[in-house]
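Mapping to our numbering: the sequence shown position 12 is 90, numbers consecutive. Glycine included, each C-beta is placed from N, C-alpha and C at the ideal position. Report on one structure; see the data block that follows.
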Amino acid sequence: MDAAQFAKRAICQKDLFNFNPIITTGMQAARMLVISRIFHLILTPSGQPGPVANIIAGLVLGPSLLCKIKKLQEFFIQSSSIEYYQLLTFNFRVIFMFLIGLDTDVPYMRRNLRLASTLAFEGIIACTLFGAASAIAILHLLK
79 MDAAQFAKRA ICQKDLFNFN PIITTGMQAA RMLVISRIFH LILTPSGQPG
129 PVANIIAGLV LGPSLLCKIK KLQEFFIQSS SIEYYQLLTF NFRVIFMFLI
179 GLDTDVPYMR RNLRLASTLA FEGIIACTLF GAASAIAILH LLK
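Here you go:
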């Protein structure tokens with residue numbers, strides 16, 4: 079499903095004055111920014127960039143850790159705002175990848191083209207092997 083379909087389902091609803099999903103989404107964004115900033119302050123002395131703090135905050139606040147607690151899941155993840163979550167997730171994923179691209183040090187890559195190419199190819203190979211192993215395991219479990 080593309081962004082236009084997400085936007086149509088999220089924005090064009092029968093009840094146009096139902097602001098509950100928007101308020102919930104705003105509250106979740108504020109919570110995410112505060113926790114992300116805390117992780118950024120903790121990780122800055124070790125030399126980690128800001129996107130790493132954002133990823134860790136997403137893991138902590140997402141369905142992996144804190145939302146395993148039933149009360150928190152009912153409070154923060156409401157079924158009435160799923161379309162808003164999907165729309166915002168799609169848009170912010172694009173923005174996040176753009177910000178990671180802005181942090182890329184192009185002059186360093188030009189100076190060390192062989193090292194940068196080696197690291198890129200190793201990352202591609204590792205992800206391909208991991209994806210193949212995961213696909214085999216998932217197909218074996220689904221049979």
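| said: DSSP three-state label for S124, please. | reply: Counting from one through the sequence shown, the residue named residue 124 turns up at place 46. The three-state reading of DSSP puts S124 in helix, counting H, G and I together.
| In this structure, does DSSP put I133 in helix, strand or coil? | What you label residue 133 is simply residue 55 of the sequence shown in a count that begins at 1. Three-state result, I133: helix.
| query | Roughly how many angstroms lie between the CA atoms of K146 and K221, to the nearest whole one? | reply | Residue numbering aside, residue 146 sits at position 68 when the sequence shown is read from its first letter. Residue numbering aside, residue 221 sits at position 143 when the sequence shown is read from its first letter. Looking at the two C-alpha atoms, the distance is approximately 28 Å.
| Can you tell me whether N190 is buried or exposed, with buried defined as 16 or more other CB within 10 angstroms of its CB? | Translated into positions along the sequence shown, residue 190 becomes position 112. By the 10 Å Cβ count, N190 comes out exposed.
| message | Could you compute how far the alpha carbon of A198 sits from the alpha carbon of K149? | response | For this step, residue 198 is matched to residue 120 along the sequence shown. For this step, residue 149 is matched to residue 71 along the sequence shown. So the alpha carbons of these two residues sit roughly 42 Å apart.
| query | For S114, which three-state DSSP category applies? | reply | Counted from its first residue, the sequence shown places residue 114 at position 36. In the structure shown, S114 sits in a helix (DSSP, three-state: H, G or I).
| task | Buried or exposed for A135, please, with buried defined as at least 16 other CB atoms from any protein chain shown within 10 angstroms of its CB. | result | Position 57 of the sequence shown holds residue 135. Burial call: buried.
| task | Determine, using beta-carbon pairs with one atom in the region 166 to 182 and one in the region 122 to 136, whether at least three such pairs fall under 8 Å. | result | Counting Cβ pairs under 8 Å, three or more are found: they touch.
| What residue range is occupied by the uninterrupted alpha helix (DSSP H) comprising T196? | By 1-based counting over the sequence shown, the position of residue 196 is 118. L191 to L220 is the extent of the alpha helix (DSSP H) around T196.
| Whole-Å CB distance - L139 paired with M110, under 8 Å assumed | Within the sequence shown, numbered from 1, the residue matching residue 139 stands at position 61. Within the sequence shown, numbered from 1, the residue matching residue 110 stands at position 32. With a Cβ gap of about 6 Å, L139 and M110 count as contacting.
| said: So for T222, helix, strand or coil by DSSP? | reply: Nothing can be reported for residue 222: it is not among the residues displayed for the chain, which extend from 79 to 221.
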